[in-house]
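Undergrad: The structure that follows is given in the form of structure tokens.
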Amino acid sequence: MLYPYLTSLHGILYDSDCLEVMDQLKSETVDCIFADPPFNLGKDYKNKYNDKISQEEYYEWCSKWIKECCRILKPGGAFFLYALPDIAVRFAGFLHDRLTFRHWISLSMKGTFPRGKKLYPAHYALLYYTRGEPKTFNRVRVPIPTCRHCGKEIKDYGGHRNKLNPEGLNLTDFWEDTSPNRHKKYKVRSGVNELKLMIPERAILISTDPGDIVFDPFGGGGTTYQAAEEHQRYWIGSELYDCHHIYTRLKQRYPFSVTRDPKFNYESLLKDEDYSDKVLRRLKRKSM
Ligand SMILES: C[S@@+](CC[C@H](N)C(=O)[O-])C[C@H]1O[C@@H](n2cnc3c(N)ncnc32)[C@H](O)[C@@H]1O
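Under our numbering, think of the first position of the sequence shown as 2, with each following residue one higher.
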């Protein structure tokens, strides 16, 4: 039996392996999954995680957690998977027979350099799949882009500017405003990449409604959990190596939300329905 590390009004976080956490969950229980896995590039996550194993071992592990994610996704639920393009291509192969492809969203990447006989890498991939037809698809609007020097709008919209929706443009599958990464002074884990909040936030807004359940298997600094908490979505999280940063992030922003009394009816999602209220309250993190 796994004991949570913390609970909040909307969420529950385990300092455990994501495979163990998913193993507790019944099939077809979550509305949206957002995953930003380690890329096996030898990155130092400052948390003892070994990010350099053999390619074979890495993809074997990835196929396991991706399959598990597909299992716990509700019909119509959405799976967003963030990766470098060459890794995303492999991931798409694992997803192909299980889910329906919606989009390969390109996210602008700056500050890179070309290696060997290659083009300059300028984007990350955010794969967006659903289990069959999406049960929720909310249109997200973004501000009309302006020049950062003169403040004027960049495009003239072929003379149809007055026909644009005053709430902004429809979000496309090319996100240019996601780079650069969060500045180090805003990160909860220094020296480690954390996504900009808008990345998981957009995924959540597109594919869920308040009260829906979001799962992110790779907590990191807790960006997805913040986005879910902010928009009143329930969330389940796992971070195997160090959950302290997530606690700090949530506690700073939502001091009353990090609580021993979640609103979350978590038990109904579990294979073992004897997971009583008492267990939920037996948190590993003592000072709430
Ligand atoms: C790329 S980071 C996620 C960053 C996160 N999206 C953010 O914005 O802060 C990947 C995280 O997965 C964690 N991790 C690696 N293997 C794991 C596993 N088996 N179960 C849960 N977490 C794991 C690593 O410790 C690392 O913090």
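Each residue gets a CB set at the ideal place from its N, CA and C atoms; glycine is no exception. In this text, all values refer to a predicted model and were calculated from it rather than measured experimentally.
Using only alpha-carbon positions, find the residue among G169, R72, N41, Y158 that is nearest to E58.
TA: N41
Undergrad: Of the choices G78, L108, D87, whose alpha-carbon is the least far from that of F175?
TA: L108
Undergrad: Quick one, are the C-beta atoms of M110 and A89 less than 8 Å apart?
TA: no
Undergrad: Report the three-state DSSP secondary structure of Y130 (helix, strand or coil).
TA: Per DSSP, reduced to three states, the secondary structure at Y130 is strand.
Undergrad: Whose C-alpha, out of L281, R261, K279, S269, is nearest the C-alpha of L10?
TA: R261
Undergrad: So is the beta-carbon of Y242 under 7 Å away from any non-hydrogen atom of ligand 1?
TA: yes
Undergrad: Candidates Y276, N266, A126: which alpha carbon is nearest G12's?
TA: N266
Undergrad: So what does DSSP say about N139, is it helix, strand or coil?
TA: coil
Undergrad: Quick test of your reading: V141 and L120, contact by CB under 8 Å. State the CB separation rounded to the nearest angstrom.
TA: 30 Å between Cβ atoms; not a contact.
Undergrad: Quick one: what does DSSP say N166 is sitting in, helix, strand or coil?
TA: Looking at N166 - three-state DSSP - the assignment turns out to be coil, as it is neither helix nor strand.
Undergrad: Ignore the nearest five residues each way along the sequence and tell me which others in S208's own chain have a CB closer than 6 Å to its CB.
TA: C33, A79, T137
Undergrad: Would the beta-carbon of R286 fall within 8 Å of that of L7?
TA: yes
Undergrad: At the level of alpha carbons, what is the spacing between G77 and F35?
TA: 15 Å
Undergrad: Is any heavy atom in ligand 1 found nearer than 7 Å to the beta carbon of L196?
TA: yes
Undergrad: For K1, count neighbouring Cβ atoms within 10 angstroms of its own Cβ and tell me buried if that reaches 16, exposed if not.
TA: For the chain, the structure presents residues 2 to 289; residue 1 sits outside this window and is missing.
Undergrad: By alpha-carbon positions, which one of H97, V215, L206 ends up nearest to K75?
TA: The candidate whose alpha carbon is nearest that of K75 is V215.
Undergrad: I'd like the list of long-range same chain contacts for Y50, defined as Cβ closer than 6 Å, with 5 residues on each side in sequence excluded.
TA: Y242
Undergrad: Where does Y242 fall in DSSP's three states?
TA: coil
Undergrad: What three-state label does DSSP hand F80 in the structure shown?
TA: strand
Undergrad: The beta strand (DSSP E) that contains I13, what's its start and end?
TA: 12 to 15
Undergrad: Considering Cα atoms alone, identify which of R162, G222, P115, K68 is closest to E29.
TA: The shortest Cα separation from E29 among R162, G222, P115, K68 belongs to K68.
Undergrad: Note down, in chain order, each residue of its chain lying with its Cβ closer than 6 Å to the Cβ of G43, except the 5 sequence neighbours on either side.
TA: D52, K53
Undergrad: Report the rounded CA-to-CA distance for L14 versus E231, giving the unit in angstroms.
TA: 16 Å
Undergrad: Looking at the unbroken beta strand (DSSP E) that takes in V90, where does it start and where does it end?
TA: Careful: V90 lies outside any beta strand (DSSP E), inside the alpha helix (DSSP H) at 86 to 96.
Undergrad: I'd like to check one pair, W66 with P256: are the Cβ atoms closer than 8 Å?
TA: no
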